[in-house]
Amino acid sequence: MSKGLPNEIDRRGVLQYAGVAGVAALAGCSDASSDDENGDGDEETTSLRIIHDTHFHGLLGESEEPLNVANYFGLMEELYEDTENAFAVGNGDDLHMSVESSVFEGEHITSVLNESPVSHNAIGNHEFDNGPESLRENIADSEFTWLSANVLEDETGEAFASEEGAARYVVEAIDGVDVGFTGLAPEDTPEITSVGDDVEVIDPVTAAEDVVADLEEEGADIVILLSHLSSPVAEDLVAEVDGIDAVVGDHAAFVEEEPLEENETIISVVGDEFDYVGQLDLEIAGDKISEYAFEKHDLEELVDADEVDPHDEIEDRLLEYEDELDDELEEVIGETTEELDARNDTVRSEESNLGNWLTDVIREDVDAEIAIQNGGGIRSDELYDAGDLTRGVVVDILPFPNETVKIEITGENLEEAIETGVSSVEDGHGRFPQVSGMSFTYDADAEAGERVEEITVGGEDVDPEATYELGTNDFLMEGGDGYESLTEGEVIVPPDEGTVISALAMNRLEDEGTISPELEGRIETV
930 MSKGLPNEID
940 RRGVLQYAGV
950 AGVAALAGCS
960 DASSDDENGD
970 GDEETTSLRI
980 IHDTHFHGLL
990 GESEEPLNVA
1000 NYFGLMEELY
1010 EDTENAFAVG
1020 NGDDLHMSVE
1030 SSVFEGEHIT
1040 SVLNESPVSH
1050 NAIGNHEFDN
1060 GPESLRENIA
1070 DSEFTWLSAN
1080 VLEDETGEAF
1090 ASEEGAARYV
1100 VEAIDGVDVG
1110 FTGLAPEDTP
1120 EITSVGDDVE
1130 VIDPVTAAED
1140 VVADLEEEGA
1150 DIVILLSHLS
1160 SPVAEDLVAE
1170 VDGIDAVVGD
1180 HAAFVEEEPL
1190 EENETIISVV
1200 GDEFDYVGQL
1210 DLEIAGDKIS
1220 EYAFEKHDLE
1230 ELVDADEVDP
1240 HDEIEDRLLE
1250 YEDELDDELE
1260 EVIGETTEEL
1270 DARNDTVRSE
1280 ESNLGNWLTD
1290 VIREDVDAEI
1300 AIQNGGGIRS
1310 DELYDAGDLT
1320 RGVVVDILPF
1330 PNETVKIEIT
1340 GENLEEAIET
1350 GVSSVEDGHG
1360 RFPQVSGMSF
1370 TYDADAEAGE
1380 RVEEITVGGE
1390 DVDPEATYEL
1400 GTNDFLMEGG
1410 DGYESLTEGE
1420 VIVPPDEGTV
1430 ISALAMNRLE
1440 DEGTISPELE
1450 GRIETV
């Protein structure tokens, strides 16, 4: 699709866009001047392609599957080399929150990005998951520029990790046009990750106003924001802040079939991880984008059609990291003084000491009152002897990439959720709830929907009219395993701000060293 911006489209007309070939033709019209002999027609324009974005959550993907970094950057490289004037950019949340990140501490993503065409990347909230010093090290090792206008050094007000190479903004000259780039992170980053005491995250609107003024003073013709704000927040921001020409990226994994427009700003969002590569082709006239064309490339579809060649160097790194990860999974990261019960017969019908430990970890991660983990998410069907625990054991127990979330629900919602959880216990269904911060009693012989006899939170009977903050996983929050009542909750910590539960469990094991979970009477039967 192609468009002209308001007040430009009638004068400029509509570009004819038909896939990559169409964009190549568009990009070839750089510096096109008017055919009008009197000079009253179109002014000279420059073509610029923006290929976006990353948002990998610390994942590399699997080499045997279509959605991986080698194929992603193979496609990005092709789009980058297909035209003369191009930038490949990221929007953050790249270094963490995967099992790989818990092992490699973000270095795996930094090394891959160094081999890629990416020249600029925003700092997202998950960049801080391993703490600010780890992020500084990754920034120092980066051969591209990390950007953020609102993640600052508390003492100086300068860009966070500016000494390591990060910046509030940069201006890049390309084919006679000065292109300004900046980045923004979510305002609540300090509340959802580990920024430490020396980092300040300021209001994105204030930061945007300041950085746009600085970019204009530096002579930027256009300003492109690498955004780790959710697109509704970005829309509100550009409605308030003039001077941002294009926004690419998103915090909440939204996918739009075509860019949004607000206050003469283009907002292009294509989700997260490896599903799509966004291609935004701009025609720049003076200090304005006069026209644009957009394509959302479906990576899996293109790989299945054999239309993508993997990036050679990145494919080599992917294979190396896979081998290294296999070795790392054998590493002992903690020990248990008690047997850990992950047997299906236990976690799908009664209290498990492993379920107690895991739900405590989930509840504490999102600072909730109570927590629920479906027994079906505990997969290994093993009774582990007291002794050493490896990373591989954690992956066997928690193989799904579920993320922690926090929602506010009513007591009535909670009652319905627990009824759902015990509704098919006789069938060994995975919906059975392991819990923290609460207890319940149920009768497996009663009719489904009438089995729960008592629920207490903090030792008090649950109040159907009261509200409770629940920590759980994104699967249940979205109604998985029949937990429809949880879809009625207000989301406080969405998946993108949570933590992959397997990585969370690994990190907690490493921190605690030794665990001794016990049965506490959280779940009783009559």
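For what it's worth, the numbering used here labels the leading residue of the sequence shown as 930, then goes sequentially.
Backbone N, C-alpha and C fix where the C-beta goes; we use that ideal spot for every residue, glycine too.
All values derive from a computational prediction rather than experimental measurement.
In this chain, the beta strand (DSSP E) harbouring residue 1381 covers 1381 to 1386. By the criterion of a C-beta distance shorter than 7 angstroms, residue 997 is surrounded in its chain by 989, 990, 991, 1203 and 1247, once the five residues flanking it on both sides are discounted.
In this structure residue 1006 is in contact with residue 1046, their Cβ atoms being roughly 6 angstroms apart against a cut-off of 8 angstroms. DSSP places residue 1046 outside any alpha helix (DSSP H), giving it a letter other than H or E. Proximity to residue 975 across 1150, 1060, 984 and 1021 peaks at 1150, based on C-alpha coordinates. The C-alpha of residue 1311 lies about 29 angstroms from the C-alpha of residue 1375. Looking at the backbone, the Cα of residue 1325 and that of residue 1435 are separated by about 12 angstroms. If you check the CB distance, residue 1088 and residue 1077 come in under 8 angstroms. The alpha helix (DSSP H) runs lying completely inside the region 1327 to 1365 and spanning 4 residues or more are 1340 to 1350, given in chain order. At a cut-off of 4 residues, the continuous stretches assigned as alpha helix (DSSP H) that sit fully inside the region 978 to 1065 are 998 to 1010, 1028 to 1033 and 1036 to 1044. DSSP links residue 1390 through a beta bridge to 1385. Here residue 1382 has 1370, 1371, 1372 and 1455 as same chain residues with Cβ atoms under 7 angstroms from its own Cβ, once five neighbours each way along the sequence are excluded.
The shortest CA-to-CA distance from residue 981 to any of 1225, 1242 and 1443 is the one to 1225.
DSSP places residue 1219 within a strand segment (E or B) once states are collapsed to three. Residue state for residue 1303 is assigned as strand, using DSSP reduced to three classes. Looking at the DSSP output, residue 1226 bridges to 1206. Nearest C-alpha to residue 1288 among 1439, 1426 and 1365: 1365. Here the C-alpha atom of residue 1058 lies approximately 31 angstroms from the C-alpha atom of residue 1168. Following the DSSP letters along the chain, one finds residue 1404 inside the alpha helix (DSSP H) bounded by residues 1403 to 1406.
Contact annotation: residue 1022 and residue 986 have beta-carbon atoms nearer than 8 angstroms. Contact annotation: residue 1156 and residue 1020 have beta-carbon atoms nearer than 8 angstroms. Ranking 1074, 1386, 1430 and 1395 by CA distance to the CA of residue 1403 puts 1430 first. Per DSSP, the unbroken beta strand (DSSP E) holding residue 1422 starts and ends at 1419 to 1422. By the CB criterion at 8 angstroms, residue 1271 and residue 1401 fall outside the cutoff. Fully contained in the region 1120 to 1153 are the following beta strand (DSSP E) runs of length 3 or more, in chain order: 1128 to 1130.
Annotation: residue 1418 to residue 1337 spans about 5 angstroms, alpha carbon to alpha carbon. For the set 1171, 1194 and 1380, the Cα lying nearest the Cα of residue 1177 is the one of 1194.
Of all alpha-carbon atoms in 1122, 1392, 1209 and 1377, the one lying nearest the alpha-carbon of residue 1054 is that of 1122. In the structure shown, residue 1243 falls within a helical segment according to DSSP collapsed to helix, strand and coil. About 12 angstroms separates the beta carbon of residue 1037 from that of residue 1044, a gap too long to meet the 8 angstroms contact definition. When Cβ pairs closer than 8 angstroms are counted between the two stretches, the region 1352 to 1362 is seen to touch the region 1271 to 1284, the count reaching three or more.
With the rule of 3 Cβ pairs closer than 8 angstroms, the region 1302 to 1321 does not count as touching the region 1383 to 1398. In the structure shown, the three-state DSSP call for residue 1279 is coil. In the DSSP assignment, the residues bridged to residue 1110 are 1099 and 1153.
Residue pairing for residue 1211: DSSP places it in a beta bridge opposite 977 and 1221. Our two residues, residue 1174 and residue 1130, have alpha carbons roughly 23 angstroms apart in a direct line.
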